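Visitor:
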Amino acid sequence: MLIARFGHGSAELQNCLYVVGGHTAVAGIFPASPSVSLKQVERYDPLSNKWTMVAPLRDGVSNAAVVSAKLKLFVFGGTSMHRDRVSKVQCYDPFENRWSIKAVLGSQIFIMGGDTEFTAASAYRFDSETNQWTRIGDMTAKRMSCHALASGNKLYVVGGYFGTQRCKTLDCYDPISDSWNSITTVPYSLIPTAFVSTWKHLPA
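The numbering of the sequence shown is the working numbering, which starts it at 626 and goes up by one.
#1: Taking Cβ positions only, does Gly784 come closer than 7 Å to chain D?
#2: Is Val811 helix, strand or coil when you go by DSSP?
#3: Could you check where the beta strand (DSSP E) with Met764 kicks off and where it finishes?
#4: Tell me which residues share the same chain as Asp718 and place their Cβ nearer than 7 Å to its Cβ, disregarding the 5 neighbours each side in the sequence.
#5: Determine the extent of the beta strand (DSSP E) in which Val692 is found, giving its start and end residues.
#6: If we call anything under 7 Å between Cβ atoms a contact, is Leu662 one with Ser687?
#7: Once DSSP output is grouped into helix, strand and coil, what is the label at Ala636?
#8: What number of angstroms, rounded off, separates the C-alpha of Gly784 from the C-alpha of Lys767?
#9: Let me know if Leu627 comes out buried or exposed under the rule of 16 or more other beta-carbons within 10 Å of its beta-carbon.
#10: For Pro812 and Ser776, what's the separation of their Cα atoms in angstroms?
#11: Could you tell me whether the Cβ atoms of Trp724 and Leu682 are closer together than 7 Å?
#12: Closest to Gly762 by C-alpha separation, out of Thr794, Val666, Pro800, Tyr786, would be which residue?
#13: Give the range of the beta strand (DSSP E) segment to which Lys675 is assigned.
#14: If you drop the 5 nearest sequence neighbours on each side, which residues of the same chain put their C-beta closer than 6 Å to that of Ile808?
#15: Classify Tyr749 as buried or exposed, calling it buried when 16 or more other Cβ atoms lie within 10 Å of its own Cβ.
#16: Just to confirm before moving on: does the CB-CB distance between Gly685 and Lys664 stay below 7 Å?
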């Protein structure tokens, strides 16, 4: 990448990988201090094998949820450079190379996990037809700072932690049965991690 960072989000959009926000070290300070939340966004094109900078976020955030839908990139919440929790949704249009602040989304979006006893296992779905959020089945484990992606008409969640417990399971959500299942474990705990899919269907 062009900028060293951690606590960033990532998502695939139009066959390119986008890396959004995160922390970086304050210039001249070692070790790295998570006191700067980045606005910078990078795009990786696997055909040219190059990273390029695109339009920066309206507000720099770290540990945000990032997902692509309807040929746009959405960034949910995160933490500001002052360590405040951010409640806004930022939307990137690759055709205009521009970010905007969104209150309503036009596609199905899933949000899961949290940092309280009551939200850590919960998951929600946004329905673009009714513009409503609906709670779906709870995950198999409580977790925050996890990452998720949709692949093969299912939702996969990996990594994260809650309290002192680190999650090593890869969980799968089936929207037809509205249920979660742990399908495997990863070799080590991932907090946080980038999690992307380069195929449309995971092998059975």
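Note that CB positions come from ideal geometry on N, CA and C, so glycine has one too. Note that the structure is a prediction, hence the values are computed from the model and not measured.
Guide: According to the data block:
#1: The structure shown contains no chain D, having only a single protein chain.
#2: Correct three-state label for Val811: coil.
#3: Boundaries cannot be given for Met764, as no beta strand (DSSP E) includes it and DSSP labels it neither H nor E.
#4: Within the same chain, Cβ atoms closer than 7 Å to the Cβ of Asp718 are found at Lys697, the five residues on either side in sequence being excluded.
#5: Segment 690 to 694, the beta strand (DSSP E) holding Val692.
#6: It should be pointed out that residue 662 corresponds to Ser in this sequence rather than to Leu. Yes, these two residues count as a Cβ contact at 7 Å.
#7: Per DSSP, reduced to three states, the secondary structure at Ala636 is strand.
#8: Taking the straight line from one Cα to the other gives about 11 Å.
#9: So Leu627 ends up on the exposed side.
#10: Here the alpha carbons of Ser776 and Pro812 stand approximately 21 Å from one another.
#11: The Cβ atoms of Trp724 and Leu682 lie closer than 7 Å to each other.
#12: Checked all of Thr794, Val666, Pro800, Tyr786; the closest Cα to Gly762 is Pro800.
#13: Unbroken beta strand (DSSP E) run through Lys675: 675 to 679.
#14: If we look at Ile808 and ignore the five residues flanking it on each side, its Cβ neighbours are Leu795, Cys797.
#15: Burial call: exposed.
#16: Yes, Cβ-Cβ distance for Gly685 and Lys664 is below 7 Å.
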